[in-house]
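Chains as they are written, first to last, in the numbering used here: chain A, 497 to 1003; chain B, 1217 to 1536. Note that CB positions come from ideal geometry on N, CA and C, so glycine has one too.
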Amino acid sequence: MIDLLANGLVQIVQWKYLLPLLLGTVAGVIGGALPGVTITLTIIVVLPFTFGLDPLQGLAAMTGVYVGGSAGGLVTACLLGIPGTPSAIATTFEGFPMARGGQPGRAIWLGVWASFFGGLIGGAFLILVTGPLAKIALAFGPWEYFSLFILAMAMVAGLAEASLLKGVIATAIGLLITVIGTDPIMAVPRFNFGSEFIGAGFPFLPVLIGIFAFAQIMTDIEKMSAPKMAGAAGAAPSLRVAHLKVIGEILSRPFLLLWSSLVGIVIGVLPAIGGSAASVLAYDQAKKFSRRPEKFGSGVPEGIIASESSNNANVGGSLVTIMAFGIPGDAVTAVMLGAMTIHGITSGPLFMVKHSELAYGIYAAYILAHVLMVAVVWVCALFLLRIVNVRLAVLAPVVMTLCVIGAYALNNTMQGVYVLLLFGVIGYVLVKAGFPLAPLILGLILGDQIEINLIRAIMTDDNPWLFVTRPISGGLLLAAATSVGLAVWQHLRHQKKVAAAESEPNF
Amino acid sequence: MDTRRTAIVLAALGTALGLSTVAAAQSQYPERPIKMIVPWAAGGDTDNIFRPFAAELQKQLGQPVVIANVTGASGTAGAREARNSPADGYTLYAVHDYIHLTYYAGISDVKYTDFEPICLVAATPSVLTASPKTPWKSWQDLAEDAKKRPGQITVGATLGSTSHIFPAMIEKASGVKFKYVSYEGLAPRMNAILGGHVDLTDSNLTQKGSVEAGLLKFIAIASEQRTPEAPNVPTLKELGMNIVYEVVRGVMAPKNTPAAVRQRLDQACTKAVTEPAFAASMKAQGTAVAHKNSADYAKFLDKIDGDNKAIMADLNLLKR
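As structure tokens, then:
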């Protein structure tokens, strides 16, 4: 196996393959950095260029996009507080405050190096344990998916420091948004009030950009007239970074890195969930395990490390099912599979045996793409970091315009733009009212899948106890209950502490 | 006065420009990338057939043909989007028999007559496929088991579409009763059947690799004769069921797409399907190249629409 991988690496460092890989990585970083341009969209744009290439060249280019895209997303997340791709959602929670606090370089490089290490851990799992990992994907039936999503939401609703209730309500709002449109089984229109505008439901991306970007920019603009913020005041924030120190910061938390990567891998192996959920879940875990959870939200490195290592490890995870069964786990790997088909390569369980050179070529490309990603960001960072020095009066309209174009480009219709506007307002109101956005987004991501899997489970067998009696499903539900219990307990303890501290002088 | 005159001149200029662009658009079609809506997930069988086709088509047209997977609601989301797209030849719609079925099942309000037929591309015989966790070795085993426990053997299907109709025809011909579970698209169905979360599904010869690896079982194929690709799989006809069921896939354009544009597309399609590379990739997918030009495709569509309506009525699924 090692010699096969070595062969793959030797093959991929030839210019013939290195160049498409590099170009793919650059395209990925750029596409990932633009809010509204997803990795999927970037890969679809790249796809036609790969038709004339040999299969591995094409797949190398796409692997580059996949890896580069997740790094590009973190740059926007840190500098603008907007996830450049959905999988960078949780990076905004800590990366943006850290950048605002005068350390944009540290925030970005923490993210890049965490992506690097997370990606490599994901790669190691991909190569060493593809078989057993792929079995997890098959063991998950509709019951297990449903329970996993319940666990995910239970965990993230507990994220909200201030109020578990607000977290739960935010999750519910996210779920409710997905109910509008057509039902996912029989396409019956519902809750659309006979309107064409919402007839097909709200597309995910404009809702995401609206809630994050608009709410973020509005809050920034509010502060514009106020006296200059702490960190941003005075001289330009430091753009220089001691890379060794940043790497040290990551590697001194091996448990965090490994656990976040593992979360990413498992979510990646399971089809139809994706990097955004991985990033949010890993962030939640980091906070739960942290000795200083109250600091989260103010720019702590753990949050960035968790989010970014998990979303890159996720890429490795989603390559697992395609290698093991030829079944794509997400839209990106589906396009990669399509590219293989175009070249007449039959995917499926025998892919690794029949096309081992190609398979190990992809592994090698995946590993090398991480090195290239660091190099590409290194070069780009010289320009990108200047963004923080641009005046908000200039930056805000530019970012807003980019968001609107992104929403429009989704289907080339104005519907996306109106949805963006609508959810911009909703997001702003929710932020003002103190509702956390992460649970809402997770509800939005998982809503359709929860519904589909619940219905599938009942269609397969009308016995509802199966959710509890099937071991994996039951275990996941138990974990969900424990998670809520833990959150309530932590919350009570926190309140007691606060009460004890405040009771004497004030009340 | 002056401003008014300027306005008139500008308006005239604008009209002239507008007219010239219209004329240019017709003479030089295509002058920008073309979007082909595939109403199913990327990586599914329809997607896998149209991706190599799009690659050949764009060679003929000299412009990129970009696949857009618009999924959801048994393929209805993509159909609606295609219907509502401008009829300028820059949006094409990759379609198969489901358009007739979802219409008659009352799932969709989109009918094949909402589009202009361009050409028929390929035909794929359906294969009844079983999970490796099922005990059956042959159709006889399956039929016996199904008669013992009616309504308990699960079938993963896109409800109201081909993967639902095909098993339903088998139910009717053999007198068994299945239970249907909604799994939209081939990729999710394959995941479910590999994991044993459903017992049966409609698939096709693309899954040959999984069968060879012992991860799936082909029970019977719905073609006239056994296929050289899988010579051990019996036809449904041999098993005493008079069922030949192929999923035929073609390309359409929104209603009122200009005739000149349609003709250009028809020509390009005729050339694209005869490319050896396309034939090779279809063979790899257990699919036959089945070309019909737009005139023949139109007649063919009328015929299969009637057939499908009859099947739906036969199966008591007709809602329109």
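| Just by C-beta distance, which residues in the segment 1369-1396 of chain B are closer than 8 Å to chain C? | The structure shown contains no chain C; the protein chains it does contain are A and B.
| query | Is there contact between the segment 668-685 of chain A and the segment 1432-1439 of chain B, where contact requires at least three CB pairs shorter than 8 Å? | reply | No, the segment 668-685 of chain A does not touch the segment 1432-1439 of chain B.
| task | May I ask you to list the residues that DSSP assigns as paired with residue 1285/B? | result | On the second sequence, position 69 is the one that residue 1285/B refers to. DSSP output for residue 1285/B lists 1254/B as bridge partner(s).
| request: Counting only the same chain and skipping the five closest in sequence on each side, list residues whose C-beta sits under 8 Å from that of residue 1238/B. | output: In the second sequence, residue 1238/B corresponds to position 22, counting from 1. Annotation note: pLDDT 44 at residue 1238/B (below 50); position unreliable, coordinate value reported separately. Excluding sequence neighbours, residue 1238/B sits near nothing in its chain.
| message | Short of 8 Å in beta carbon distance, which residues of its chain neighbour residue 1279/B, apart from the five on each side in sequence? Order them along the chain. | response | By 1-based counting over the second sequence, the position of residue 1279/B is 63. Cβ contact annotation for residue 1279/B (same chain, cutoff 8 Å, sequence separation greater than five): 1246, 1247, 1248, 1249, 1250, in chain order.
| Whole-angstrom distance between residue 778/A and residue 988/A, CA atom to CA atom | Numbered from 1 along the first sequence, position 492 holds the residue referred to as residue 988/A. Numbered from 1 along the first sequence, position 282 holds the residue referred to as residue 778/A. Per the coordinates, the alpha-carbon of residue 988/A lies some 24 Å from the alpha-carbon of residue 778/A.
| message | List, in chain order, every chain B residue whose beta-carbon is nearer than 9 Å to that of residue 1015/A. | response | The first residue shown for chain A is 497 and the last is 1003, placing residue 1015/A beyond what the model contains.
| Interface partners of residue 968/A on chain B, CB under 8 Å | Mapped onto the first sequence, residue 968/A falls at position 472. For residue 968/A, there are no neighbours in chain B by C-beta distance under 8 Å, as the nearest C-beta there is about 12 Å away.
| request: Run through the segment 667-723 of chain A for me and flag every whole alpha helix (DSSP H) of 4 or more residues, listed as ranges in chain order. | output: Here the runs fully enclosed are 700-705, 711-720.
| query | chain A partners of residue 1531/B, CB-CB under 7 Å? | reply | In the second sequence, residue 1531/B corresponds to position 315, counting from 1. Contact annotation for residue 1531/B against chain A: no contact, minimum CB-CB distance about 17 Å [criterion: below 7 Å].
| request: Could you tell me whether any Cβ in chain A is nearer than 7 Å to the Cβ of residue 1446/B? | output: Here residue 1446/B is taken as the residue at index 230 of the second sequence, counted from 1. Cβ-Cβ to chain A under 7 Å: no for residue 1446/B.
| query | Where DSSP assigns a beta bridge to residue 1451/B, which residues make up the other side? | reply | Counting from 1 along the second sequence, the entry for residue 1451/B is found at position 235. BP columns for residue 1451/B point to 1437/B.
| request: Look up residue 1248/B in the DSSP assignment and say whether it is helix, strand or coil. | output: Residue mapping note: residue 1248/B aligns to position 32 of the second sequence, counting from 1. Note: residue 1248/B maps to coil in three-state DSSP.
| If the cut is a Cβ gap below 8 Å, which residues of chain A does residue 1414/B touch? | In the second sequence, the residue the question calls residue 1414/B occupies position 198. Per Cβ cutoff of 8 Å: 956.
| task | With DSSP as the reference, label residue 1508/B as helix, strand or coil. | result | Your numbering for residue 1508/B matches position 292 in the second sequence. Residue state, collapsed to three classes: strand.
| So, is the C-beta of residue 637/A closer than 7 Å to a C-beta in chain B? | Along the first sequence, one-based indexing puts residue 637/A at 141. Cβ-Cβ to chain B under 7 Å: yes for residue 637/A.
| message | Less than 7 Å between the C-beta atoms of residue 643/A and residue 972/A, yes or no? | response | One-based indexing of the first sequence puts residue 643/A at position 147. One-based indexing of the first sequence puts residue 972/A at position 476. In this structure, the beta-carbon distance from residue 643/A to residue 972/A falls below 7 Å.
| request: Determine which residues share a DSSP beta bridge with residue 1333/B and list them. | output: Counted from its first residue, the second sequence places residue 1333/B at position 117. According to DSSP, residue 1333/B bridges with 1468/B.
| Do residue 590/A and residue 796/A have their CB atoms nearer than 7 Å? | Taking the first residue of the first sequence as 1, we reach residue 590/A at position 94. Taking the first residue of the first sequence as 1, we reach residue 796/A at position 300. Taking 7 Å as the Cβ cut-off, residue 590/A and residue 796/A qualify as a contacting pair.
| field | Neighbourhood of residue 717/A by C-beta distance below 8 Å, restricted to the same chain and skipping five residues each side | value | If you number the first sequence from 1, residue 717/A lands on position 221. The residues are 888, 892.
| request: Rank 1510/B, 1413/B, 1513/B by C-alpha distance to the C-alpha of residue 952/A and give the top, closest one. | output: Sequence index remark: in the first sequence, residue 952/A carries index 456 (1-based). Among 1510/B, 1413/B, 1513/B, the Cα nearest to that of residue 952/A belongs to 1413/B.
| said: For residue 1519/B and residue 540/A, I'd like the C-alpha separation in whole angstroms. | reply: Along the second sequence, read from residue 1 onward, the residue named residue 1519/B stands at position 303. Along the first sequence, read from residue 1 onward, the residue named residue 540/A stands at position 44. Looking at the two C-alpha atoms, the distance is approximately 36 Å.
| request: Flag residue 1517/B as yes if its beta-carbon sits less than 7 Å from any beta-carbon of chain A, otherwise no. | output: To locate residue 1517/B, count along the second sequence from 1; it is residue 301. Residue-level contact check: residue 1517/B does not touch chain A, since none of the beta carbons of chain A fall below 7 Å from its beta carbon.
| query | Which chain A residues sit within Cβ distance under 7 Å of residue 1469/B? | reply | Position 253 of the second sequence holds residue 1469/B. Listed along the chain, the chain A residues whose CB falls inside 7 Å of the CB of residue 1469/B amount to none; the nearest CB is some 17 Å away.
| query | Is it buried or exposed for residue 1536/B, if we count other Cβ within 10 angstroms and need 16 for buried? | reply | In the second sequence, residue 1536/B corresponds to position 320, counting from 1. The residue is exposed, with fewer than 16 neighbouring Cβ atoms inside 10 Å.
| message | Could you compute how far the alpha carbon of residue 729/A sits from the alpha carbon of residue 819/A? | response | Here residue 729/A corresponds to residue number 233 of the first sequence, with the count starting at 1. Here residue 819/A corresponds to residue number 323 of the first sequence, with the count starting at 1. Unreliable placement is indicated for residue 729/A, whose pLDDT of 40 sits below 50; the coordinate value is still reported in the next sentence. Straight-line spacing of the CA atoms in residue 729/A and residue 819/A works out to 51 Å.
| Which chain A residues sit within Cβ distance under 9 Å of residue 1282/B? | In the second sequence, the residue the question calls residue 1282/B occupies position 66. Within chain A, the residues 540, 541, 543, 544 have their CB atoms less than 9 Å from the CB of residue 1282/B, given in chain order.
| query | For the segment 1293-1308 of chain B, which residues have a beta carbon sitting closer than 8 Å to at least one beta carbon of chain A? | reply | Answer in chain order: 1293, 1296, 1297.
| Along chain A, which residues have their Cβ under 8 Å away from the Cβ of residue 1406/B? | Here residue 1406/B is taken as the residue at index 190 of the second sequence, counted from 1. Residues of chain A passing the Cβ test: 821, 823.
| field | For residue 1270/B and residue 1324/B, the rounded distance between their alpha carbons | value | As a first step, residue 1324/B is located in the second sequence; it is residue number 108 there, counting from the start. As a first step, residue 1270/B is located in the second sequence; it is residue number 54 there, counting from the start. Near 26 Å, if we compare the C-alpha coordinates of residue 1270/B and residue 1324/B.
| task | Out of 1409/B, 1447/B, 1509/B, 1380/B, state which residue places its alpha-carbon closest to the alpha-carbon of residue 1532/B. | result | On the second sequence, residue 1532/B is found 316 positions in, with the first residue counted as 1. Checking every option, the nearest Cα to that of residue 1532/B belongs to 1380/B.
| task | For the alpha helix (DSSP H) containing residue 1345/B, list its first residue and its last residue. | result | The count along the second sequence starts at 1 and reaches residue 1345/B at position 129. Residue 1345/B -> not in any alpha helix (DSSP H); beta strand (DSSP E) instead, spanning 1343-1346.
| query | If the cut is a Cβ gap below 8 Å, which residues of chain A does residue 1411/B touch? | reply | Looking up residue 1411/B in the second sequence gives position 195. Ordered by position in chain A, the residues that pass the 8 Å Cβ test against residue 1411/B are 633, 634, 635, 636, 637.
| request: Look at the Cβ atom of residue 823/A, then the Cβ atom of residue 1403/B, and state whether they are nearer than 7 Å. | output: For the purposes of this step, residue 823/A is identified with residue 327 of the first sequence, where counting begins at 1. For the purposes of this step, residue 1403/B is identified with residue 187 of the second sequence, where counting begins at 1. The Cβ atoms of residue 823/A and residue 1403/B lie closer than 7 Å to each other.
| Beta-carbon contacts of residue 639/A that lie in its chain and below 6 Å, excluding the five residues immediately before and after | Here residue 639/A refers to the residue found at position 143 of the first sequence. Taken in chain order, the residues that qualify are 953, 962, 963, 966, 969.
| request: From the DSSP output, in three-state form, read off residue 1003/A for me. | output: The residue you call residue 1003/A lines up with position 507 of the first sequence. Confidence at residue 1003/A is low in this model, with a pLDDT of 41, below 50, so the placement of that residue is unreliable and no value is reported for it.
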